[in-house]
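A.B. asks:
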Amino acid sequence: VLSGSDGPAKLLALIEDAEAAGIDGESLAIRSGVEAPGRMLARMTGTGGPVLALGSGEARRYVSRSLLEPLVRQAVAEADRFHGAHPLQPGIGRATLERTLAVQGGLATVVVDTALERGLLRVADRSGSMARPGKGALDPDDLPTALQEVVDLYMRGGMTPPTLRQVGDGLGLENREVLERVGLLQRSGLLIKVSDDLSYLPKTHEALLTGVREHLAAHGEIDVQALKGLTGLSRKFVVPLMEHLDHLGVTRREGDRRLPGPKAVP
2 VLSGSDGPAK
12 LLALIEDAEA
22 AGIDGESLAI
32 RSGVEAPGRM
42 LARMTGTGGP
52 VLALGSGEAR
62 RYVSRSLLEP
72 LVRQAVAEAD
82 RFHGAHPLQP
92 GIGRATLERT
102 LAVQGGLATV
112 VVDTALERGL
122 LRVADRSGSM
132 ARPGKGALDP
142 DDLPTALQEV
152 VDLYMRGGMT
162 PPTLRQVGDG
172 LGLENREVLE
182 RVGLLQRSGL
192 LIKVSDDLSY
202 LPKTHEALLT
212 GVREHLAAHG
222 EIDVQALKGL
232 TGLSRKFVVP
242 LMEHLDHLGV
252 TRREGDRRLP
262 GPKAVP
């Protein structure tokens, strides 16, 4: 092929020979003898063309589109394996999934994007974990026992939720297990993280915001003492809670006071 006069055929042969590593435009021009192959490559990388262009500028590399299908199948199989090994997890981290493909980053990104576009994978949580359709989703009305036990502790705690240590002590869990379960509930939106050690159930969090907004409407400001009265929390936890309210825009800090923020009225 390389000895012939068919420019696109020579370019494609070199690209296929490069496999997943790909090949840059300059190397293609030198090895194929095709002068300024840019136009040919533009046609070959068009919609449905035989070549994929990864990256831009001098870093752009070309790979054969034929690599895509087996890699998509590999990504899907890896997601299936993850669900089998970690049934409590919503999905596998995207970066982790891309690394399992053992190809350059640009190609791995295209593979996962393609699987998402085809509905073979879905985004499972707020951190962007990848899951298979119908798997990895947590039903708040039918949680695994290991997670429901944690939710029950927060439900009993109400406005004064348990610390991570109290979760561990209450359920006989190691620190790692506590972080895994609480983190999963947070990523799935079943716990609202306020600080490293403080989280609320969504309904409790909403009730808290309502109480704070009512206090602001009645008094024009809120301080640590007032928030302690609303929640029953110690100062150790009220301070990060006030910072959380600032972050949400419910309050805004002015010196030592918290005044109504832009979202004081929902």
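If you want our numbering, it's the position in the sequence shown, counting the first as 1, plus 1.
Ideal Cβ placement from N, Cα and C applies to all residues, glycine included.
In angstroms with no decimal places, state the Cα-to-Cα distance between G85 and G50.
C.D. replies: Taking the straight line from one Cα to the other gives about 36 Å.
A.B. asks: Which word fits P273, buried or exposed, when buried means at least 16 other C-beta atoms lie within 10 angstroms of its C-beta?
C.D. replies: This structure cannot settle anything about residue 273, because the visible part of the chain is limited to 2 through 267.
A.B. asks: Can you have a look at A96 and say buried or exposed, based on whether 16 or more other CB atoms are within 10 angstroms of its CB?
C.D. replies: So A96 ends up on the exposed side.
A.B. asks: Is it buried or exposed for V213, if we count other Cβ within 10 angstroms and need 16 for buried?
C.D. replies: Flag for V213 reads buried.
A.B. asks: Nearest CA to the CA of S128: which residue from G173, Q90 and D143?
C.D. replies: When each option's Cα is compared against that of S128, the closest is Q90.
A.B. asks: Return the CA-CA distance between L199 and R133, expressed in angstroms with no decimal places.
C.D. replies: When rounded, the distance between both Cα atoms is 31 Å.
A.B. asks: Within a Cβ cutoff of 7 Å, which residues of the same chain sit near L249, ignoring the five residues on either side of it in sequence?
C.D. replies: Within the same chain, L249 has close Cβ partners K264.
A.B. asks: Starting from the Cα of V111, find the closest Cα among D247, E79 and G56 and give me that residue.
C.D. replies: Of D247, E79 and G56, the residue nearest in Cα terms is G56.
A.B. asks: Terminal residues of the continuous beta strand (DSSP E) containing R253?
C.D. replies: From DSSP, the beta strand (DSSP E) with R253 extends over T252 to E255.
A.B. asks: Alpha carbon to alpha carbon, what distance is there between S235 and L72?
C.D. replies: Taking the straight line from one Cα to the other gives about 53 Å.
A.B. asks: Answer yes or no: the CB of L148 versus the heavy atoms of the ligand GDP, is any distance below 7 Å?
C.D. replies: Ligands are entirely absent from the displayed structure, and the ligand GDP is therefore not among its contents.
A.B. asks: In its own chain, which residues sit with a C-beta less than 8 Å from the C-beta of S77, not counting the 5 before and 5 after it?
C.D. replies: According to the sequence provided, residue 77 is Val. The question's Ser does not apply to it. Closer than 8 Å at the Cβ level, and outside the excluded window around V77, lie A116, L121, L122 and R133.
A.B. asks: I'd like to know if the segment 58–65 and the segment 17–27 are in contact, where contact means that at least 3 CB-CB pairs between them fall below 8 Å.
C.D. replies: The segment 58–65 is in contact with the segment 17–27.
A.B. asks: Keeping to the same chain, check which residues put their C-beta closer than 7 Å to that of P145; ignore five residues upstream and five downstream.
C.D. replies: Taken in chain order, the residues that qualify are L89.
A.B. asks: Just the Cα atoms here: how many angstroms apart are H245 and E175?
C.D. replies: Taking the straight line joining both Cα atoms gives about 27 Å.
A.B. asks: Within the 8 Å Cβ cut-off, does P261 reach chain C?
C.D. replies: Among the chains in the structure shown there is no chain C, since it carries only a single protein chain.
A.B. asks: Look at the alpha carbon of S217 and the alpha carbon of G135, and state the distance between them as a whole number of angstroms.
C.D. replies: In the sequence on display, residue 217 carries Leu and not Ser. The alpha-carbon atoms of L217 and G135 are separated by roughly 43 Å.
A.B. asks: May I ask you to list the residues that DSSP assigns as paired with R123?
C.D. replies: Per DSSP, A132.
A.B. asks: Taking the beta strand (DSSP E) that A54 falls in, what are its first and last residues?
C.D. replies: First-last of the beta strand (DSSP E) with A54: V52 to L55.
A.B. asks: Report the rounded CA-to-CA distance for S130 versus R82, giving the unit in angstroms.
C.D. replies: Whole-angstrom Cα-Cα distance: 14 Å.
A.B. asks: Helix, strand or coil: how does DSSP classify K229 here?
C.D. replies: Looking at K229 - three-state DSSP - the assignment turns out to be helix.
A.B. asks: Are the CB atoms of I223 and H206 nearer to each other than 8 Å?
C.D. replies: Their beta carbons are not under 8 Å apart, which means I223 does not touch H206 by this criterion.
A.B. asks: Measure how close the beta-carbons of P241 and S189 come, nearest whole angstrom, since I'm counting them as under 8 Å.
C.D. replies: Actually they are not in contact, since the Cβ atoms of P241 and S189 sit about 22 Å apart, beyond 8 Å.
A.B. asks: G137 and A147 look like a contact to me (Cβ under 8 Å); what is the Cβ gap, rounded to whole Å?
C.D. replies: Not confirmed; about 15 Å, so no contact.
A.B. asks: How close, in whole Å, do the beta carbons of G262 and D247 come, if the pair is a contact with beta carbons under 8 Å?
C.D. replies: Yes, they are in contact, since the Cβ atoms of G262 and D247 sit about 7 Å apart, within 8 Å.
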